[in-house]
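Asks: Taken in sequence, the protein lines are chains A and B.
All residue numbers for the first sequence refer to my numbering, where the first residue is 170 and numbers rise by one.
All residue numbers for the second sequence refer to my numbering, where the first residue is 468 and numbers rise by one.
Glycine is no exception: its CB is placed at the ideal position from the N, C-alpha and C atoms.
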Amino acid sequence: MAKDSSQASPALKPGSRRSSLFARGESMVWLTGSTLILCVAMIGGLLALVTVRGAQTFWPQEILRVETIDGGALLGELVKVETYEPEAHVFDAIEDEGEREKARALVAGLDGKSERWFLRTGNRSTENRDGFHWVQDFEVARETRPPWALTIERSEWGRFYGVPKGFLDGEQLTAETPDAAWALFEKHHADAVETGEEAHELEKDGIGAIDARIEAARLRVRAAELDHGTDSPEHAAAQKRAADDEARWSSERARLRKRVDALHTESRRFAFLMTSADGGEHRVGLVDIVRAYPANRVGWWEKVGIYLARWWEFLSEEPREANSEGGVWPAIFGTVILTLIMTLLVVPCGVLGALYLREYAKQGPLVSLVRIAVNNLAGVPSIVFGVFGFGFFCYTIGAGIDDVFFAEQLPHPTFGKGGILWASLTLALLTLPVVIVATEEALSAVPNSMREGSYACGASKWQTIRRIVLPRAMPGIMTGMILAIARGAGEVAPIMLVGAAKMAPSLPVDGSFPFVHPERSFMHLGFHIYDLGFQSPDAKAAEPLVFTTTLLLIGIVVLLNVVAITVRGRLRRQFVEGR
Amino acid sequence: MQGDDVAAVQVPPDDRPGPASHHGARLGGVFDAVSRGEPFATDTHAAMDGQADILEIKDFNLWYGENQAIFKNSFGVPEGKVTALIGPSGCGKSTLLRSVNRMNDLIASVRIAGDMSLSGDSIYALGVDVIELRKRIGMVFQKPNPFPMSIYENVVYSQRIDGVRDKTVLDEVVETSLRGAGLWDEVKDRLGSSALRLSGGQQQRLCIGRAIAGEPEVLLLDEPCSALDPIATGRIEDLIQELKGQYTILIVTHNMQQAQRASDYTAFMYLGRLVEYGPTQDIFVNPHLKETEDYVTGRFG
Ligand SMILES: Nc1ncnc2c1ncn2[C@@H]1O[C@H](COP(=O)(O)OP(=O)(O)OP(=O)(O)O)[C@@H](O)[C@H]1O
Ligand SMILES: [Mg+2]
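Right, dumping it as C-alpha cells:
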C-alpha cells in the first residue's frame with residue numbers, strides 16, 4: 170500500500186506535506202481532556218457535597234440562646250445563616266418604635282442586606298410541631314451560650330433543648346442545681362433505659378409469642394373450615410383446641426401484662442425537670458432519653474465520642490420518629506440482602522442465557538433479534554419493571570401461591586403483595602441485560618484457539634465451556650455483575666412498587682423459623698432517602714439525614730464493588746495473565 | 468501470491484480462467500491440468516504400497532460453503548512413522564489435517580465427501596462418536612494454545628475430562644508426558660504455576676505433552692515450529708524423532724529442511740490436490756514430477 174501511494178503522486182516534493190492542526194491531534198487532546206475534567210468535576214462535586222454534608226450531620230453543635238428585641242427567647246443549634254434583602258414591611262412587624270428605627274438603620278448600613286439565622290430549637294410536642302425557627306439579625310437583642318444548656322435526644326418528639334432545673338424521683342425533687350441534676354442523670358440513666366427495654370422486650374416476645382399462638386390456633390380453625398366445612402369434626406376439633414389454648418394462655422398473658430406494667434412504672438420513676446427557653450418547666454423522663462449532653466461544656470474528645478456514638482446508632486438501630494431519628498439498620502440490611510438475592514438470581518440466569526446465545530445458538534437473524542431485544546430491555550424505564558413486577562410477581566404469581574398454600578390467611582396476602590423476593594426478581598429482570606451483554610462480550614473474547622485445543626483433547630462442548638471458556642470469561646462476567654450491583658442497589662422506583670416499605674416491622678432474615686422470609690416487605694436505603702427527603706413530616710430535621718443516608722448508600726455500593734473488583738482482579742491474574 | 472492461491476481455490480473448477488491459469492502456464496504440466504480443473508491422479512510412489520497404514524484417506528473432498536478446498540485426496544499414513552504434508556500456502560494442508568480429527572465440524576459451512584478411517588474405523592460414517600474419535604488423536608496447533616490453568620492441569624486435561632481422579636495416576640501421566648515432550652526438567656519444580664507464564668517454545672512443548680498425555684494413536688502437528696526460534700525448533704524436531712515409533716505423526720511444515728530431516732514420508736499438495744506422495748528421500752532427491760522438484764528446491768512461484 171505504501172509503495173502504491175508513493176508511486177501515485179510522484180510530483181509530491183519532500184517537505185511539501187503539511188499536517189493540519191486537526192491531523193496533529195492537538196485540538197482533540199484538549200477536547201477529550203477538558204471533557205474528562207468536566208465529568209470528573211461533576212462526579213467529584215457530587216461526591217464531595219454528599220460526603221461533607223453527610224459527614225457533619227452527627228457532629229455535636231453548640232447551643233445558642235437568642236433573646237429577641239420583642240422579649241422572646243430561643244434556645245437551639247444554629248443550622249445555617251442566610252443573607253437576604255428584607256422587604257420594608259418586615260420592619261413594620263417590630264412593635265417598639267426605637268427598635269424599628271435601629272433595625273432599619275442597621276440594614277441600611279449593610280446595603281439593605283440582612284442576615285437571618287436558622288435555628289433548630291427542638292422541643293416538639295403536641296402543641297409545638299415545628300422545632301425550627303428563623304431569626305433576623307436585627308431582631309437579636311442578646312446572644313449567649315448558657316453553660317448548662319443540655320441537648321437531649323428523646324426517643325419520641327426529637328430533640329429537647331433546655332437547662333436542667335432539678336431532678337425528680339417520682340414527684341419528689343431530689344436535686345435543685347444543674348450539676349446535681351446532671352450527676353443524678355448520669356447515675357440513673359442507664360438503669361432506666363434498661364428497665365424500659367426489658368419491659369418492651371417482655372411485651373414483644375412474651376406477650377407477642379402468646380398472641381402468635383392464639384393467632385395460629387385461629388388460623389387452624391379457619392384452615393379446617395376451608396378444607397372440611399363448618400360442621401365437620403375437624404373443624405370442631407380445631408375450635409376446641411383453639412378454645413383450650415386461649416384458656417391456657419390467657420392467665421399467663423395477664424401475669425406477663427402485670428409484670429410489664431410494673432416495669433414501665435419503674436422505668437418512668439426518674440426524670441429531669443427542665444426549663445426551656447421561654448421559661449416553661451418540662452418533665453423529661455430518663456427512660457425517654459436516648460442521649461443527653463451539656464453541649465456548651467463538652468470538650469473536643471467528648472464531641473468525637475458523641476459523634477461516633479451517633480454514627481453507631483445510625484448504623485445499628487432501627488429508625489424512630491417517622492424515620493427522622495434513630496438509625497437505618499433495617500434499611501442497610503434490606504439493601505444488602507436485596508442486592509445479594511438479586512445478584513444470585515441475575516448472574517446465573519444472565520450467564521446461562523449468554524452462553525446459549527454465544528456458544529450454542531446458530532448465529533442468524535433470530536439470534537440477532539434476541540440480542541437487540543435484550544439490549545433494548547436495558548433502555549426500558551425502571552418504573553416499568555416495577556409495574557411489571559407488581560402486576561406479574563405480586564398479583565399473579567404471588568396471589569397464586571397464596572391461593573394454594575396460604576389460603577387460611579386470606580384476605581390478608583402473604584406472597585400476594587410486595588416482598589423482598591419479588592423486589593429481587595424485579596431488579597434481576599432489570600439488570601439482566603447488563604449481565605447478558607457483559608457475559609457475551611467476555612465469551613467472545615475467549616480465544617478460539619483455546620476452544621479448539623480443548624475439543625482436540627476430546628472434550629465435549631459443555632466440558633470445554635465449563636473448564637476453559639467460563640473460567641477465562643469469569644473476569645468479564647464479574648464486570649457484568651459489578652455493573653448489575655451498582656445499578657440494582659441504587660434503583661428506587663421499581664422497588665417502591667414491589668415491596669420497599671417506609672417502616673418494615675421485621676427484617677426479611679431473622680431468628681424466627683424459617684429464618685428467611687422472602688414474602689416480607691423490607692426497608693431500603695434508596696427508598697429511605699426518598700422518604701426522608703420528600704415524605705417526612707419533619708422535613709427540616711430529616712434533611713441532613715438525606716445526605717448521611719446517601720453517603721451510606723454510596724459507601725455500601727462501593728464496598729460491594731470493591732469486593733467484586735478484588736475477586737475479579739484475582740480471577741484475571743489467574744486466568745488471563747497467568748500470574 | 469497467497470491471494471492468487473485463495474482465489475484459485477474459490478473459483479469453481481469447471482470455468483476457471485482467472486489468475487491461477489497464469490500459474491499453470493508458467494509451471495506447465497500437472498499444475499496446468501489442476502488449474503483447469505481436469506481430472507488428475509496423485510503420483511504415489513511404489514514404495515508406499517504394502518505399508519501398514521494406520522490412517523487411510525479415501526477420495527476425500529471438502530468444501531467451505533461453495534468453495535472446494537480439498538479435491539479427492541487419497542493416501543495412507545503408515546503406522547509409527549512421520550509423514551510430512553508440504554505445499555504452498557492456502558493449498559489445504561491445515562484443512563486436511565483438521566479433517567482427520569473432525570475439527571472442521573466446528574465450522575458450520577463445511578461440507579465433505581469421501582471418508583477417512585483410523586485403524587480401520589471410519590471417521591466420517593454416520594453415528595461416529597466424534598469425542599471418542601478425538602480422544603484417539605492428538606493435535607498440536609500452529610500457535611501454542613495452553614489453557615489458562617496450571618502446567619499440571621494442562622497436561623492432565625484429557626484425564627480430567629475422562630473423570631480420572633487418582634492422584635498417583637495423574638502424577639505419572641504428568642511426568643511421562645512432560646518427559647516425552649522434553650519439558651520435565653524445566654518445569655518439574657513449578658507444575659502448579661500457570662502455563663501462560665511459560666515461554667513460547669515451552670508452551671508449544673507443553674501442548675505436545677498435553678497431546679501425548681491422551682495416548683493418541685495419531686499425532687497431528689500443524690506447523691508446530693512456525694512461532695518458534697531455531698533452538699526451540701531444533702528441540703521440537705529432536706522430540707519428533709524421539710516420539711517416532713511410539714506414535715504415528717502427521718506434520719504440516721513450510722520448512723523443507725525440517726520436512727527432510729524429520730519425516731519418513733512426504734506428501735506434496737497443491738490447490739487442494741495431493742500431487743505426489745512418497746518416501747521423503749525420493750521426494751526431495753528424486754521426485755517423479757518436475758513441479759515437486761521445483762517446489763522442494765524453492766524454485767516454485
Ligand atoms: N474457515 C474457513 N472458511 C472458509 N474458507 C477457509 C476456512 N479455512 C480455510 N479456508 C480456505 O481453504 C483453503 C485452504 O486453507 P488452509 O488453511 O487449509 O491452507 P494451508 O495449506 O494450511 O495454508 P497455510 O500453509 O498458509 O497454513 C484456503 O483457500 C482458505 O482460504
Ligand atoms: Mg495452515
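1. Are at least three pairs of beta-carbons, each pair with one atom in the region 318 to 336 of chain A and one in the region 412 to 422 of chain A, less than 8 Å apart?
2. Using C-beta distances below 7 Å, list every residue in its chain close to A/THR226, excluding the 5 sequence neighbours before and after it, in chain order.
3. Taking Cβ-Cβ distances shorter than 8 Å, what residues in chain A pair up with B/GLY559?
4. Do you know how far the Cα of A/GLY449 is from the Cα of A/PHE354?
5. In the structure shown, what three-state DSSP assignment does A/ILE263 receive?
6. Any heavy atom of ligand 3 within a distance shorter than 6 Å of the CB on A/TYR624?
7. Starting from B/ALA519 and walking both ways along the beta strand (DSSP E), at which residues does that stretch end?
8. Which of the three DSSP states is assigned to B/PRO506 in this structure?
9. With three or more beta-carbon pairs closer than 8 Å as the criterion, would you say the region 483 to 502 of chain A touches the region 685 to 695 of chain A?
10. Return the residues of the region 635 to 651 of chain A that lie within a Cβ-Cβ distance of less than 9 Å from chain B, sorted by chain order.
11. Would a C-beta distance cut-off of 7 Å place B/PRO613 and B/ALA662 closer than the cut-off?
12. Can you name the residues of chain B whose CB is closer than 8 Å to the CB of A/TYR624?
13. Could you check whether the Cβ of B/THR561 sits closer than 6 Å to any heavy atom belonging to ligand 2?
14. Would you say the beta carbon of B/GLY649 is closer than 6 Å to some non-hydrogen atom of ligand 1?
15. Look at A/ALA272 and A/PHE260 and say whether their C-beta atoms are less than 7 Å apart.
16. Note down, in chain order, all residues in the region 659 to 681 of chain B with a beta-carbon under 9 Å from any beta-carbon belonging to chain A.
17. Would you tell me roughly how many angstroms separate the C-alpha atoms of B/ARG483 and B/TYR737, rounded to the nearest one?
18. For A/ILE698, report the span of its alpha helix (DSSP H) as first-last.
19. For the region 563 to 580 of chain A against the region 485 to 492 of chain A, do three or more pairs of beta-carbon atoms, one drawn from each stretch, fall closer than 8 Å, so that the two count as touching?
20. Are the beta-carbon atoms belonging to A/GLY555 and A/LEU666 less than 7 Å from one another?
21. Measuring only between beta-carbons, confirm whether A/MET665 sits less than 7 Å from chain C.
22. Taking the continuous alpha helix (DSSP H) assigned at A/PRO402, which residues delimit it?
23. If we count the other Cβ atoms within 10 Å of its Cβ and call it buried at 16 or more, is A/PHE812 buried or exposed?
24. Determine the chain A residues that contact B/TYR732 at a beta-carbon separation under 9 Å, and present them in chain order.
25. From the DSSP output, read off the bridge partner residues of B/VAL763.
26. Use the C-beta contact count for B/TYR762: other C-beta atoms within 10 angstroms, 16 or more gives buried, fewer gives exposed.
27. So which residues on chain A does B/MET606 lean against when the C-beta distance must stay under 7 Å?
28. Closer than 7 Å by beta-carbon distance: list the chain A residues that pair up with B/TYR624, in chain order.
29. Between B/PHE735 and B/THR759, how many whole angstroms is the CB-CB distance? I'm expecting something under 8 Å.
30. Just to check my reading of the structure: B/THR509 and B/ALA536 have Cβ atoms closer than 8 Å, yes? What is that Cβ distance to the nearest angstrom?
31. Give the straight-line distance between the Cα atoms of B/GLY681 and A/VAL726, rounded to the nearest whole angstrom.
32. Flag this pair as touching only if the region 563 to 579 of chain B and the region 526 to 546 of chain B have three or more C-beta atom pairs under 8 Å; answer yes or no.
33. Can B/SER556 be considered in contact with ligand 1, in the sense that its beta carbon sits closer than 6 Å to one or more heavy atoms?
34. Using DSSP with H/G/I as helix, E/B as strand and the rest coil, what is A/GLY240?
35. According to DSSP, which residues form a beta bridge with B/MET606?
36. Does the region 602 to 622 of chain A come close enough to the region 585 to 593 of chain A that 3 or more CB-CB pairs lie under 8 Å?
Replies: To lay it out plainly:
1. no
2. By 1-based counting over the first sequence, the position of residue 226 of chain A is 57. Same-chain partners within the cutoff: PRO713, LEU714, PHE716 and THR717.
3. Within the second sequence, the letter at position 92 stands for residue 559 of chain B. Against chain A, the beta carbon of B/GLY559 has no neighbour under 8 Å; the closest one sits roughly 18 Å away.
4. Looking up residue 354 of chain A in the first sequence gives position 185. Looking up residue 449 of chain A in the first sequence gives position 280. Rounded to whole angstroms, A/PHE354 to A/GLY449 spans 20 Å at the Cα level.
5. Residue 263 of chain A sits at position 94 when you count from the first residue of the first sequence. DSSP places A/ILE263 in coil when its eight states are reduced to three.
6. As presented, the structure is devoid of ligand 3, carrying ligand 1 and ligand 2 as its sole ligands.
7. Working through the second sequence from its first residue, we reach residue 519 of chain B at position 52. B/ALA519 -> no beta strand (DSSP E), and no H or E assigned at all.
8. Indexing the second sequence from 1 puts residue 506 of chain B at position 39. Three-state DSSP puts B/PRO506 in coil, outside helix and strand.
9. yes
10. ARG636, ILE637, PRO640 and ARG641
11. In the second sequence, counting from the first residue as 1, residue 613 of chain B sits at position 146. In the second sequence, counting from the first residue as 1, residue 662 of chain B sits at position 195. Yes.
12. Here residue 624 of chain A is taken as the residue at index 455 of the first sequence, counted from 1. What A/TYR624 touches in chain B: MET570, LEU573 and ARG601.
13. Residue 561 of chain B sits at position 94 when you count from the first residue of the second sequence. Checking the sequence shown, residue 561 of chain B turns out to be Ser, not Thr. It does: the Cβ of B/SER561 is within 6 Å (strictly closer) of some heavy atom of ligand 2.
14. Residue numbering aside, residue 649 of chain B sits at position 182 when the second sequence is read from its first letter. Not under cutoff, so the answer is no.
15. The count along the first sequence starts at 1 and reaches residue 272 of chain A at position 103. The count along the first sequence starts at 1 and reaches residue 260 of chain A at position 91. Contact check for A/ALA272 against A/PHE260 passes: the beta carbons are separated by less than 7 Å.
16. SER660, SER661, ALA662, LEU663, ARG664, LEU665, CYS674, ARG677, ALA678, ALA680 and GLY681
17. For the purposes of this step, residue 483 of chain B is identified with residue 16 of the second sequence, where counting begins at 1. For the purposes of this step, residue 737 of chain B is identified with residue 270 of the second sequence, where counting begins at 1. Residue confidence for B/ARG483 is low, a pLDDT of 38 falling below 50, so the modelled location carries little weight; the figure read from the coordinates is stated next. Each residue's Cα considered, the two are about 16 Å apart.
18. Translated into the one-based positions of the first sequence, residue 698 of chain A becomes position 529. Segment 694 to 699, the alpha helix (DSSP H) holding A/ILE698.
19. no
20. For this step, residue 555 of chain A is matched to residue 386 along the first sequence. For this step, residue 666 of chain A is matched to residue 497 along the first sequence. Yes, Cβ-Cβ distance for A/GLY555 and A/LEU666 is below 7 Å.
21. No chain C appears in the structure shown, which is made up of the protein chains A and B.
22. Along the first sequence, one-based indexing puts residue 402 of chain A at 233. A/PRO402 -> alpha helix (DSSP H) spans 402 to 436.
23. Missing from the structure shown is residue 812 of chain A; chain A here goes from 170 to 748 and no further.
24. Within the second sequence, residue 732 of chain B is the residue found at index 265, counting from 1. In chain order: nothing, as chain A lies at least about 23 Å away.
25. Position 296 of the second sequence holds residue 763 of chain B. Looking at the DSSP assignment, B/VAL763 forms no beta bridge with any residue, so it has no partner.
26. Position 295 of the second sequence holds residue 762 of chain B. The residue is buried, with at least 16 neighbouring Cβ atoms inside 10 Å.
27. To locate residue 606 of chain B, count along the second sequence from 1; it is residue 139. Under the 7 Å cutoff, chain A gives ALA625.
28. Counting from one through the second sequence, the residue named residue 624 of chain B turns up at place 157. Correct list: CYS626.
29. Within the second sequence, residue 735 of chain B is the residue found at index 268, counting from 1. Within the second sequence, residue 759 of chain B is the residue found at index 292, counting from 1. Confirmed, about 5 Å.
30. If you number the second sequence from 1, residue 509 of chain B lands on position 42. If you number the second sequence from 1, residue 536 of chain B lands on position 69. Contact doesn't hold; Cβ gap of about 17 Å is too wide.
31. For the purposes of this step, residue 681 of chain B is identified with residue 214 of the second sequence, where counting begins at 1. For the purposes of this step, residue 726 of chain A is identified with residue 557 of the first sequence, where counting begins at 1. Looking at the two C-alpha atoms, the distance is approximately 48 Å.
32. Yes: the two stretches touch, three or more of their Cβ pairs being nearer than 8 Å.
33. For the purposes of this step, residue 556 of chain B is taken as the residue at position 89 of the second sequence. Correct: B/SER556 has its Cβ closer than 6 Å to ligand 1.
34. By 1-based counting over the first sequence, the position of residue 240 of chain A is 71. It is coil, neither helix nor strand.
35. Taking the second sequence and counting its residues from 1, one reaches residue 606 of chain B at position 139. For B/MET606, which the question treats as bridged, DSSP gives the partners B/LEU687.
36. no
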